[in-house]
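Here is the structure we will look at.
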Amino acid sequence: MTDAVATDEPRTVSDTRSSGRFVLIAGTVLLCAWVLVPIYLLFVNTLSSPSEVTGFPKTGLPSFDFSSVQFFISFSGVARALWNSVLVAVLTMILSIAFGAPAGYALSRFEFPGKEIFRMLVVMTRAFPLPLLALPLAIMFIRIGLDDTPLGLALVHTVLAMPFAVLITFSLFSGIPIEFEEAAWTLGCNRWQAFRKVVLPLVLPGIAASAVFAFTISWNEVFAAAVLTIENRTLPAFLVQSLNVSPLHLKFAGGAAMVIPALIFIFAVRKYMFAMWGIANR
Amino acid sequence: MNARYLPYMLLLPATVFLLVFFLYPFVQIAVLAFTGSEGFTLQHVQTMVSHWKFGTALWNTILLAAIVVPLQLVMALTMASIVTKLKDARNTILYIFTIPLGLSDLAAGIIWLAIFEQSGFLNSILAGLGIIDRPILFLGYQNIWVIFLAVVLAELWRATAIVMVILVSGMGLIPKEYYEAAEVFGASPWKRFTRITLPLLRPSLQSALILRTLAAFEVFAVVIALGGTTLPVLMGETFQWQFALQDRNVASAYALVILAISIVSTLFYLRVLRVPKEARI
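Protein chains in written order, with this note's numbering: chain C, 8 to 289; chain Y, 910 to 1190.
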């Protein structure tokens, strides 16, 4: 009897559902492992002593020995490189928001001749291998005394980050009805006051997110940094230029030093990630 | 202030900045590549082409892009489809999938170095399984194809996230009614994917492919971290000429080559994945 009942059940549907569900979950777990395991392995190496890093075979578990990290931090040039990285990234952040946000506001609020030309200019930056800008700019910077300075490098990074800032702030401002501003005008605010008191508080979180994004772009950039800096190297430039001479544990600790802030930043702006890339590529 | 001039005032800083630091330098690259002490010259281009590494670098760069980009597309479509099907934990999974997006290519190279180097985790696993007795030198000049494979894996790992993010936001724009209608008519999930998702995703596919292919031509730090100069690529050679050999003109000639293949591939995608205006969502 029980057999007959079992075969009478509409099993096929629920079976395909649950097997599909299983494939979905297995795929998700597999892909998460594909992303996370390599990062875990980097941290295992970072948190092992130098002799463990070059030792074989490895256990795959960290020994929580901080001598590699200590070696990295006290290695000559590292502290300065870290400081330069932060400096360049902060400058990039300020410059790209200062130039990008007004442009984004103009694009979202006004119709005017020449608007399309500016949009073209911004979109065009996408179709060019921007790090190559470092080559001609190296010469220009020598001429105007900006060579090997954090500001010079920040200017190149701003070319990378500003188009994003323009497109992101454009969409942020577009999300705020112009009626809000108009209401403030009728209540006696001038254009600037209406912007500062009504629009700015609403877009501030989004602008902060795009600033963090600009920071991350600069923090991660390697080629231009390596070409444009000699004495004032950023962390990626320092690592690239010493790759073939530095011991393994220095590389891994350096890699971890680059990864940790990036992880924190991406976590901080995760809510805006899709808004950013979604719009930025339309 | 007059409202007519306000938008121009607001755009002025960004425009001037882009003209000085974006358009002008690109003109400068061409000038550098084609001028010598006596005006126009093809000598730098000749130096570049006649160097034995040029052909290999060009070939490696294009081959790398040709392998990495299609694989990334398939992976990203899979990831995006998974994400759209998930209900609970969607945001967590999405965050995990997008982590590599925020990492530097140099960091990605170093991460995969931890796996592929001689005392690394791959050798440890192989030894643990009893397949090998002593660690193999994977990243040496004797087996360049392993370096190539490691670079492919590192690039897949690092840069698939960006394609996925673009595709996920593109999928969000496709109206749900289309799928419901297809389901009513009995279309299988695969059919729904190929007949609805893919065609309507064309604008997103286009921008993702352009972005990724260009970035693939710029591959640099991953290669340097994993193989030093053993595996020549265009960007690495540009860096070598600029930095080690101190010849800006030849470096600029290399830059022009990268620029040229970037423009050709962009035009290719614009043409092949053209979206008629009336077919846009």
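Ideal Cβ placement from N, Cα and C applies to all residues, glycine included.
Helix, strand or coil at residue i according to DSSP, with G and I counted as helix
i, result
"C:Phe79", "helix"
"Y:Thr858", "With chain Y covering only 910 through 1190, there is no way to say anything about residue 858 of chain Y."
"C:Glu16", "Here C:Glu16 scores only 49 on pLDDT, less than 50, and its place in the model should not be relied on; the value that follows carries that caveat. Of the three classes helix, strand and coil, the one that applies to C:Glu16 here is coil, per DSSP."
"C:Phe272", "helix"
"C:Phe230", "helix"
"Y:Phe949", "strand"
"C:Asn52", "helix"
"C:Ala244", "helix"
"C:Cys39", "helix"
"C:Pro136", "coil"
"Y:Asn1052", "helix"
"C:Asn239", "coil"
"Y:Gln1155", "coil"
"Y:Arg913", "coil"
"Y:Thr993", "helix"
"Y:Thr970", "helix"
"Y:Gly1137", "coil"
"Y:Ser1171", "helix"
"C:Asn197", "coil"
"Y:Ile1045", "coil"
"C:Arg277", "helix"
Min CB distance residue i to chain Y below 8 Å
i, result
"C:Tyr112", "yes"
"C:Ala269", "yes"
"C:Arg150", "no"
"C:Thr176", "no"
"C:Ala233", "yes"
"C:Leu43", "yes"
"C:Pro109", "yes"
"C:Lys65", "yes"
"C:Val95", "no"
"C:Pro212", "no"
"C:Arg203", "no"
"C:Phe117", "yes"
"C:Arg133", "yes"
"C:Asn227", "yes"
First through last residue of the alpha helix (DSSP H) which encompasses residue i
i, result
"Y:Asp1014", "Asp1014 to Phe1025"
"Y:Glu1146", "Leu1143 to Phe1148"
"C:His164", "Pro157 to Ser181"
"Y:Tyr1087", "Lys1085 to Val1093"
"Y:Arg1183", "Unbroken run through Y:Arg1183: none, as it is neither H nor E."
"Y:Glu1127", "Neither: Y:Glu1127 is in no alpha helix (DSSP H) and is coded neither H nor E."
"C:Ser150", "As written in the sequence, residue 150 of chain C is Arg, which differs from the Ser given in the question. Ala141 to Ile151 is the extent of the alpha helix (DSSP H) around C:Arg150."
"Y:Gly1037", "Phe1030 to Gly1037"
"C:Gly107", "Val85 to Arg116"
Chain C within 8 Å of residue i, Cβ atoms only
i, result
"Y:Ser946", "no"
"Y:Asp997", "no"
"Y:Arg1157", "yes"
"Y:Asp1014", "yes"
"Y:Phe930", "yes"
"Y:Ser1097", "no"
"Y:Asn969", "no"
"Y:Pro916", "yes"
"Y:Gln1151", "yes"
"Y:Gln937", "yes"
"Y:Glu1064", "no"
"Y:Leu941", "yes"
Residue i burial status per 10 Å Cβ neighbour count (16 or more: buried)
i, result
"Y:Asp997", "exposed"
"Y:Tyr914", "exposed"
"C:Ile175", "buried"
"Y:Glu1146", "buried"
"Y:Leu1123", "buried"
"Y:Tyr1050", "exposed"
"C:Pro157", "buried"
"Y:Val1129", "Checking the displayed sequence, the identity of residue 1129 of chain Y turns out to be Phe instead of Val. So Y:Phe1129 counts as buried."
"Y:Ala1169", "exposed"
"Y:Met918", "exposed"
"C:Glu228", "buried"
"C:Val60", "buried"
"C:Ser55", "buried"
Check: residue i C-beta below 7 Å from any heavy atom of the ligand NAD
i, result
"C:Ile124", "Inclusion of the ligand NAD in the displayed structure is not the case, the ligand content being empty and no account of it being possible."
Q.
Using a Cβ distance threshold of 8 Å, determine whether the segment 130 to 140 of chain C contacts the segment 159 to 170 of chain C, with at least three qualifying pairs required.
A. yes
Q: Please determine if the segment 1040 to 1060 of chain Y and the segment 1128 to 1136 of chain Y are in contact, where contact requires at least 3 C-beta pairs separated by less than 8 Å.
A: yes
Q | Touching by the beta-carbon criterion (3+ pairs, under 8 Å), the segment 201 to 210 of chain C and the segment 179 to 192 of chain C | A | yes
Q. Between the segment 1163 to 1176 of chain Y and the segment 937 to 951 of chain Y, are three or more C-beta pairs nearer than 8 Å?
A. yes
Q: Report yes or no: do the segment 1029 to 1036 of chain Y and the segment 1092 to 1109 of chain Y share at least 3 C-beta pairs separated by less than 8 Å?
A: no
Q.
Counting beta carbon pairs with one atom in the segment 987 to 1005 of chain Y and one in the segment 242 to 253 of chain C, are three or more of them shorter than 8 Å?
A. no
Q) Does the segment 920 to 934 of chain Y touch the segment 1106 to 1122 of chain Y, meaning 3 or more C-beta pairs lie closer than 8 Å? A) no
(Q) With a threshold of 8 Å, are at least 3 pairs of Cβ atoms found where one atom belongs to the segment 966 to 986 of chain Y and the other to the segment 1064 to 1071 of chain Y? (A) yes
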